[in-house]
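Working notes for the structure below.
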């Protein structure tokens with residue numbers, strides 16, 4: 015989240031207290047790329063055994079920080095929250111095939127069916143565009159410029175955005191990040207089953223799909239109903255894809271996000287679900 019309820023304690027600590035959990039809890043702020051950054055961080059923790067089970071939440075109340083007189087931002091954003099529980103597969107790298115337990119004296123059989131492969135994080139790419147650091151910002155309210163009558167009067171606690179330049183830089187940076195991630199995993203755009211991008215606007219999503227060479231049918235779009243919900247947009251879209259039957263065990267799921275900073279994050283997952291209906 016980039017819209018915590020208060021400076022401290024963290025929103026994560028407050029959620030942990032509300033649900034009665036004594037697990038470690040911390041916030042991560044990568045703005046609209048936050049959930050993908052969270053996937054990479056928690057996926058790494060699961061991989062090395064630092065954690066066995068993780069509750070990852072993307073949540074933002076962006077309408078609290080937009081200026082309703084600024085139509086270039088006020089009409090774009092929404093509020094949302096979504097969560098996933100991720101568990102370690104216990105089998106090492108997510109791309110490793112699973113063996114069918116043999117009967118006594120029988121050879122070990124390795125399955126070639128993607129649905130038999132353990133789920134998890136296959137590849138990721140986290141980058142930042144320092145030349146775009148000021149294109150999306152909330153100028154005041156932090157330790158550099160604490161809240162005062164002057165900052166409130168100037169509207170410096172509202173979100174400011176250079177939308178045209180964000181669009182230009184985001185399309186290029188996300189395209190490059192996606193291609194690096196696929197290359198890292200040894201995959202091609204044709205291998206992707208479901209593409210879940212940050213829901214900033216449809217034009218950015220369509221531009222990335224075209225430039226990467228993804229099939230348009232793989233892209234999940236919810237921006238027309240949810241708006242840009244920042245760190246909640248990817249998990250909301252992912253949840254909708256799961257609820258509507260678009261996700262199947264063994265699917266390669268590509269997620270990408272971009273936000274203030276400019277932060278860009280991409281992850282490639284092999285999907286396995288044990289969700290309880």
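In the working numbering, the protein residues as written are 15 to 291.
Cβ coordinates follow ideal geometry from the N, Cα and C atoms, glycine included.
Return the CA-CA distance between residue i and residue j, expressed in angstroms with no decimal places.
i: residue 150; j: residue 239; result: 23 Å
i: residue 160; j: residue 59; result: 35 Å
i: residue 259; j: residue 137; result: 24 Å
i: residue 285; j: residue 43; result: 25 Å
i: residue 154; j: residue 173; result: 10 Å
i: residue 287; j: residue 248; result: 17 Å
i: residue 282; j: residue 232; result: 14 Å
i: residue 147; j: residue 185; result: 16 Å
i: residue 81; j: residue 190; result: 32 Å
i: residue 242; j: residue 47; result: 12 Å
i: residue 13; j: residue 93; result: Absent from the model: residue 13. The displayed extent of the chain is 15 to 291, so no value can be given.
i: residue 31; j: residue 18; result: 15 Å
Count the other C-beta atoms from every protein chain shown that fall within 10 angstroms of the C-beta of residue i, then say buried if there are 16 or more, exposed otherwise.
i: residue 209; result: buried
i: residue 20; result: exposed
i: residue 197; result: exposed
i: residue 54; result: buried
i: residue 16; result: buried
i: residue 211; result: buried
i: residue 162; result: exposed
i: residue 91; result: buried
i: residue 87; result: buried
i: residue 37; result: exposed
i: residue 106; result: Because the pLDDT at residue 106 is just 45, under 50, the model does not fix this residue reliably, and the point stays unresolved.
i: residue 202; result: exposed
i: residue 83; result: exposed
Please state the DSSP three-state secondary structure of residue i.
i: residue 178; result: helix
i: residue 68; result: strand
i: residue 160; result: coil
i: residue 168; result: coil
i: residue 257; result: helix
i: residue 57; result: helix
i: residue 185; result: helix
i: residue 199; result: helix
i: residue 224; result: helix
i: residue 273; result: strand
i: residue 250; result: helix
i: residue 20; result: coil
i: residue 232; result: helix
i: residue 265; result: coil
i: residue 145; result: helix
i: residue 77; result: helix
i: residue 42; result: coil
i: residue 244; result: helix
i: residue 150; result: strand
Assuming residue i is part of the alpha helix (DSSP H), what are its boundary residues?
i: residue 25; result: 25 to 33
i: residue 1; result: The requested residue 1 does not occur in the structure, where the chain is confined to residues 15 to 291.
i: residue 85; result: 85 to 88
i: residue 208; result: Premise fails: residue 208 lies in the beta strand (DSSP E), 208 to 211, not in any alpha helix (DSSP H).
i: residue 141; result: Not the alpha helix (DSSP H): residue 141 falls in the beta strand (DSSP E), residues 134 to 142.
Go to residue i, then tell me how far its beta strand (DSSP E) extends in each direction, as first and last residue.
i: residue 284; result: 277 to 284
i: residue 173; result: First-last for residue 173: undefined, no H or E at that position.
i: residue 95; result: 93 to 101
>> Would you call the region 215 to 232 in contact with the region 181 to 190, where contact means no fewer than 3 C-beta pairs closer than 8 Å?
In response: yes
> Are the region 57 to 77 and the region 224 to 233 in contact at 8 Å, needing three or more beta carbon pairs?
Replying inline: no
> Would the region 93 to 100 and the region 50 to 69 be scored as touching if the rule is three or more Cβ pairs under 8 Å?
Replying inline: yes
> Are at least three pairs of beta-carbons, each pair with one atom in the region 270 to 283 and one in the region 228 to 238, less than 8 Å apart?
Replying inline: no
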